[in-house]
Amino acid sequence: MWNKTLSLTLVVLITLAACAQAISVIPQPTELKPQSGEFVINAKTKILVTPPKGEACKVAKYLQEFLATPTDLHLPVTDVKTDSNVIALHLETADGYVPESYRLKVTPDRIDISATDAAGLFYGVQTLRQLLPNAIEYDVPMHGVEWTVPCVEIKDTPRYSWRGLMLDESRHFFGKAAVKKLLDRMVLYKLNRFHWHLTDSPGWRIEIKQYPKLTTIGGIGCESNPKAEAQFYTQEDIKEIVTYATERQIIVIPEIDMPGHATAANRAYPEFSGGGSKRHPDFTFNPGSEATYEYLTNILKEVTELFPGPWLHYGGDEVHFGNQQWKTNPDVQQMMKKQGLKDIREMEHYFNQRMAGVIEKLGKTTMGWDEIIDAGVPAEHAVIMWWRHDKPQQLNKAIERGYRAVMCPRIPCYFDFVQHDSHKYGRRWGGKFCTVESVYQFPVFPAEYTAKQHQQILGIQTCVWSERIQNTVRLDFMVYPRLAALAEACWTQDKNKDLGNFKKRLPALLKRHDVLGDYYFDCFEPANTPEPKGHEKK
Ligand code: ACM
1 MWNKTLSLTL VVLITLAACA QAISVIPQPT ELKPQSGEFV INAKTKILVT PPKGEACKVA
61 KYLQEFLATP TDLHLPVTDV KTDSNVIALH LETADGYVPE SYRLKVTPDR IDISATDAAG
121 LFYGVQTLRQ LLPNAIEYDV PMHGVEWTVP CVEIKDTPRY SWRGLMLDES RHFFGKAAVK
181 KLLDRMVLYK LNRFHWHLTD SPGWRIEIKQ YPKLTTIGGI GCESNPKAEA QFYTQEDIKE
241 IVTYATERQI IVIPEIDMPG HATAANRAYP EFSGGGSKRH PDFTFNPGSE ATYEYLTNIL
301 KEVTELFPGP WLHYGGDEVH FGNQQWKTNP DVQQMMKKQG LKDIREMEHY FNQRMAGVIE
361 KLGKTTMGWD EIIDAGVPAE HAVIMWWRHD KPQQLNKAIE RGYRAVMCPR IPCYFDFVQH
421 DSHKYGRRWG GKFCTVESVY QFPVFPAEYT AKQHQQILGI QTCVWSERIQ NTVRLDFMVY
481 PRLAALAEAC WTQDKNKDLG NFKKRLPALL KRHDVLGDYY FDCFEPANTP EPKGHEKK
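Spelled out as structure tokens, the structure:
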């Protein structure tokens, strides 16, 4: 008897271990308990939704549409309770739920996903997606596949509320289809903030109705071809992308970079230029002229109308690249005198403070790169992006001064850096670069950080700068699989992070990228995926 029980227990344990191995979810959930058996989606499966209205219904429809093409099954969405062969979505208030968290239970009879908000339900659906065979990613009907889901119990809560990706479309413009594809991949990995770097020196990419030359002239050119015809998003395009993102629980944060990185805008409207340097001509807006503040306020008003999210990013970085002419510009000199500013650094701080005030009046929270900490922008109205990895003191300063912060230090968060020593075209910094492993292991905090300090850190973001990324094949190569590592750094509780285990789960996700047709870097066999040539920056 004892022997029989023991062997039965062993069989169960071995089966569960096999299941555990078969389940590869990225980012790793907080709690995942494999169970025996499986649920099979077939023509009789229904999607049950409670309550049968509002946001829960939208998630149910998303699931219905997601499953429809590859399975060739149009599962009905219903509010009629059924006990079996059902995928049930429950939006409910219950103890233990926090925003974006969810529970997922798969038994042979039914699948239940419950959450306290639509985002949680949506992420439960994304986990279900990863439990299904990779064939679920095809956009054509896949006959003959059995749509099995292993039985499992999952409780899941994200570590950080800010799980972001920034895309630079000034240096190279990728267009609507590429952006939607990127948003879809963010969804796969439960990322929720798309920071859109729409203006910079090579090109201005967002239509502003009051100043049409910003795009007709400012949109001309890119990093690899200064004469490329104007490329930009119309306001209708922007609305389409924002809606697409919103339906996928992603908030879009526009960035209109100022007072530096303004060369493209200044080509269109030179009357607002504050000059530049030999290397960076017409790099700045003119902070000494009242007309500049009016112009930029009008631009930000139009931008605000297009982006319903709470944040507006106004850059603020690297102004020293091209502010030398401020020293001799009569407007700037007069403004400095009037405001009692003793040098051009104080002029820059005045500009930053004043424009932060404009953003606040427009009802948005200011975001800026970590230079704006030194400008004294009020901490309660601003979120800092810490990007200068070689200046960790900027993050500490942000925290000490009461700012909320998003961490995107160049190393390991900039995906324009190479990810393998054999790669030639991306950036390095003092020989260092951003491997999958280093992305995964980020962040490591100083031990003395208090709980309150941790709370001020909203999360993590990658920045995909595109000086050396001139097409979507190279974009894929630079983003994957580092995005998977970033997702786990953003989502998975520190105590559950395990690089070795991540590397065991990653191959299954890479196969999913194969189905999706993405040209990822094969970090296990680098020779399998030659590096696509990158634009060589002069
Ligand atoms: C930056 O990389 N200039 C924010």
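Just so you know, my numbering puts the end of the sequence shown at 538, numbered straight through with nothing missing. Where is the CB? At the ideal position from N, CA and C, for every residue including glycine.
Host beta strand (DSSP E) of residue i (start-end)
i, result
"Arg193", "193-197"
"Ile113", "110-115"
"Tyr314", "311-315"
"Ser36", "31-41"
"Val463", "The amino acid occupying residue 463 in the given sequence is Cys; Val does not appear at that position. 457-464 is the extent of the beta strand (DSSP E) around Cys463."
"Gly274", "273-275"
Chain-order list of residues whose beta-carbon lies under 6 Å from that of residue i (same chain, five-residue window excluded)
i, result
"His423", "Glu531"
"Leu475", "Ile469"
"Gln21", "Because Gln21 sits at a pLDDT of 45, beneath the cut-off of 50, its placement in the model cannot be relied upon, and the following sentence gives the value as read from the coordinates. Cβ neighbours of Gln21 beyond the five flanking positions: none."
"Met385", "Trp369, Val406, Cys408"
"Asn528", "Asp522"
"Asp112", "Ala88, Lys105"
"Asp109", "Ser84"
"Leu16", "Its pLDDT being 39, under 50, Leu16 is placed unreliably by the model, and nothing is read from it."
"Glu55", "Ala118"
"Thr93", "Thr116"
"Lys213", "Ala268"
"Arg404", "Val383, Gln456, Leu458"
"Tyr97", "Thr116"
Neighbourhood of residue i by C-beta distance below 8 Å, restricted to the same chain and skipping five residues each side
i, result
"Gly288", "Gly274, Trp326, Asn329, Pro330, Asp331, Val332, Gln333, Gln334, Met335, Met336, Met347"
"Val515", "Asn134, Ala135, Glu137, Tyr138"
"Leu454", "The question names Leu, but residue 454 is His in the sequence shown. Closer than 8 Å at the Cβ level, and outside the excluded window around His454, lie Phe445."
"Lys533", "Tyr425, Arg474"
"Lys180", "Ile241, Tyr244"
Range of the contiguous alpha helix (DSSP H) that encloses residue i
i, result
"Thr544", "Residue 544 cannot be examined here, being either before or after the span of the chain that is shown, 1 to 538."
"Val548", "Here the chain covers residues 1 to 538 and nothing more, so residue 548 does not appear."
"Ile47", "Here Ile47 belongs to no alpha helix (DSSP H); instead the beta strand (DSSP E) covers 46-50."
"Arg482", "482-491"
"Gln393", "392-400"
"Ala119", "118-131"
"Glu255", "Careful: Glu255 lies outside any alpha helix (DSSP H), inside the beta strand (DSSP E) at 251-258."
"Gly357", "344-361"
"Pro270", "Counting along the chain, Pro270 falls outside any alpha helix (DSSP H), and DSSP gives it neither H nor E."
"Arg468", "Premise fails: Arg468 is in no alpha helix (DSSP H) and is neither H nor E."
"Val179", "176-188"
"Pro150", "Per DSSP, Pro150 belongs to no alpha helix (DSSP H); it is in the beta strand (DSSP E), 147-156."
Own chain partners of residue i with C-beta closer than 7 Å, once the 5 adjacent residues on each side are dropped
i, result
"Lys301", "Leu362"
"Lys397", "Ile373"
"Gln210", "Asn298, Glu302"
"Ala18", "With a pLDDT of 41 at Ala18, under the threshold of 50, the modelled position of that residue is not reliable, and the figure given next carries that caveat. Once the five neighbours on either side are set aside, Ala18 has no close Cβ partner at all."
"Tyr189", "Ile26, Pro27, Leu483, Ala484, Ala487"
"Pro51", "Leu91"
What residues sit near the ligand ACM, counting only those whose C-beta is closer than 6 Å to one of its heavy atoms, in chain order?
Asp317, Glu318, Trp369, Trp387
Segment contact, 8 Å Cβ cut-off, at least three pairs: the region 115-133 with the region 84-92
yes
Evaluate the contact criterion for the region 215-225 versus the region 270-286: three or more CB pairs, one atom per stretch, below 8 Å.
no
Contact between the region 477-493 and the region 433-452: three or more CB pairs below 8 Å?
yes
Three Cβ pairs or more, each shorter than 8 Å: is that satisfied between the region 303-312 and the region 237-246?
yes
Would you call the region 148-159 in contact with the region 38-49, where contact means no fewer than 3 C-beta pairs closer than 8 Å?
yes
Do three or more CB pairs link the region 311-323 to the region 339-359 at distances below 8 Å?
yes
Cβ pair count under 8 Å reaching 3, the region 159-170 against the region 195-206:
yes
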